[in-house]
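Enquirer: Numbering (full-length UniProt numbering), first residue to last: 1 to 236.
Ideal Cβ positions, reconstructed from N, Cα and C, are used throughout, including at glycine.
None of these values were measured; they are calculated from a predicted model.
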Amino acid sequence: MHCLVVDDDAEIRTSLTAYLQGFGWRVSAAADGQVMRRLLAADTVDAIVLDLMLPGEDGLALLRWLGTQPDAPPVLMLTARGDTTSRVVGLELGADDYLAKPFEPRELVARLQALVRRASKGQGGAVSDDTRLLRFGRWRFDRLTRQLINAEDVGIALSSAEFRLLAAFVQRPGRVLSRDQLIELTRAQGVEVNDRSIDLAVSRLRAKLGDTAREPALIRTVRGEGYLFDAEVAPC
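1. Let me know the secondary structure DSSP gives R135 once reduced to three states.
2. How many whole angstroms separate the CB atoms of E225 and V176, which I take to be in contact at a CB cut-off of 8 angstroms?
3. Within 8 angstroms (strictly less), CB to CB, does W25 reach chain C?
4. Assuming I198 and I219 are in contact, meaning their beta carbons sit under 8 angstroms apart, how far apart are those beta carbons, in whole angstroms?
5. Tell me whether the beta-carbon of D97 lies closer than 8 angstroms to the beta-carbon of L115.
6. Just reading off the beta strand (DSSP E) that A100 is part of, what are its end residues?
7. Please confirm whether A80 and A100 have their CB atoms less than 8 angstroms apart.
8. What whole-angstrom Cβ distance do R164 and A157 have, given they're in contact under 8 angstroms?
9. Buried or exposed for S15, going by 16 or more other Cβ atoms inside 10 Å?
10. Closest to E152 by C-alpha separation, out of R138, S160, L144, would be which residue?
11. To the nearest whole angstrom, what separates the beta carbons of A234 and R111, a pair I think is in contact under 8 angstroms?
12. Using a 10 Å radius around the Cβ and a threshold of 16 neighbouring Cβ atoms, would you call G56 buried or exposed?
13. Comparing C-alpha positions only, which one of T84, D43, T44, L60 sits nearest to L50?
14. Mapping the DSSP letters down to three states, classify A30 as helix, strand or coil.
15. Have a look at residue 240 and D58 and give me their C-alpha separation to the nearest angstrom.
16. Since L148 and K208 are thought to touch, with beta carbons under 8 angstroms apart, how far apart are those beta carbons, to the nearest angstrom?
17. So if DSSP puts V49 in a beta bridge, which residue, or which two residues, is it bridged to?
18. Determine the extent of the beta strand (DSSP E) in which A151 is found, giving its start and end residues.
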């Protein structure tokens, strides 16, 4: 597997290169967007580690550019701890995951491996925001009317919190989402979202999907990490 590390900090580039190589990765490194583009044009890359705080053309601008490229590899973005706005914008622009600095290198490797596994299964990309009807399992999800539709064509209304939560899940199937990530992805103007409200929304959404906490078919709890939406999502 080939990883491209894009970071203007030479020490981080060097240490990540050595660490990833220890896990069998082939690694290329770039200090800015210009070198990143050149390396992507010259070779196939399986995943990108992208620092958002780059001089000149920053990581958000590079994410926008990557979003216009066919078959762009999955992106793990690196952000400053507490930089909530950039994390949210980065996820909206198509980043597949994030880590806040300072980070544990072993966690970075695990997240990269998960990104590549999902991409190889055809689940690496998010469904289009313009797609109204999505299908997963025996359910359909109408994002315009904010309804779940079961196999008998019966619509089940979702609350605003349940809708935002399911919308976040269907955009990132097969990916473990921490409560912090879900808070950022489901935040609405004037609405306070915290760990407790996320857990309550998960519980209520599970009930509507026929899931249970003990035997979840769709929304799985990953102990110590968060929740995972275990389904293939496709347009209807």
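Expert: Well, looking at it:
1. By one-based count along the sequence shown, residue 135 stands at place 135. Residue state, collapsed to three classes: strand.
2. Within the sequence shown, numbered from 1, the residue matching residue 225 stands at position 225. Within the sequence shown, numbered from 1, the residue matching residue 176 stands at position 176. Beta-carbon to beta-carbon, E225 and V176 are separated by about 5 angstroms, close enough to satisfy the 8 angstroms threshold.
3. Note that chain C does not occur in the displayed structure, where there is just one protein chain.
4. In the sequence shown, counting from the first residue as 1, residue 198 sits at position 198. In the sequence shown, counting from the first residue as 1, residue 219 sits at position 219. Contact between I198 and I219 does not hold, since their C-beta atoms are separated by about 11 angstroms, which reaches or exceeds 8 angstroms.
5. Taking the first residue of the sequence shown as position 1, residue 97 is located at position 97. Taking the first residue of the sequence shown as position 1, residue 115 is located at position 115. For D97 and L115, yes; Cβs fall inside 8 angstroms.
6. In the sequence shown, counting from the first residue as 1, residue 100 sits at position 100. In the DSSP assignment, A100 falls within the unbroken beta strand (DSSP E) covering 97-101.
7. Walking along the sequence shown from the start, residue 80 turns up at place 80. Walking along the sequence shown from the start, residue 100 turns up at place 100. A100 is positioned such that its CB atom lies closer than 8 angstroms to that of A80.
8. As a position in the sequence shown, residue 164 is number 164, starting the count at 1. As a position in the sequence shown, residue 157 is number 157, starting the count at 1. About 14 angstroms separates the two Cβ atoms, so there is no contact after all.
9. Within the sequence shown, the letter at position 15 stands for residue 15. Exposed is the call here.
10. Taking the first residue of the sequence shown as 1, we reach residue 152 at position 152. Here the closest residue by C-alpha is R138.
11. Counting from one through the sequence shown, the residue named residue 234 turns up at place 234. Counting from one through the sequence shown, the residue named residue 111 turns up at place 111. That belief does not hold up - the Cβ atoms of A234 and R111 are roughly 24 angstroms apart, past 8 angstroms.
12. Mapped onto the sequence shown, residue 56 falls at position 56. With fewer than 16 Cβ atoms within 10 Å of its Cβ, G56 is classed as exposed.
13. Locating residue 50 in the sequence shown gives position 50, where the first residue counts as 1. The candidate whose alpha carbon is nearest that of L50 is L60.
14. Residue numbering aside, residue 30 sits at position 30 when the sequence shown is read from its first letter. In the structure shown, A30 sits in a strand (DSSP, three-state: E or B).
15. Residue 240 lies beyond the stretch modelled for the chain, which goes from 1 to 236, so this question has no answer here.
16. As a first step, residue 148 is located in the sequence shown; it is residue number 148 there, counting from the start. As a first step, residue 208 is located in the sequence shown; it is residue number 208 there, counting from the start. Their Cβ separation, rounded to whole angstroms, is 6 angstroms, which keeps L148 and K208 in contact under 8 angstroms.
17. As a first step, residue 49 must be located in the sequence shown, where it is residue number 49. BP columns for V49 point to V5, L76.
18. Here residue 151 corresponds to residue number 151 of the sequence shown, with the count starting at 1. Where A151 is concerned, there is no enclosing beta strand (DSSP E), because DSSP gives it neither an H nor an E.
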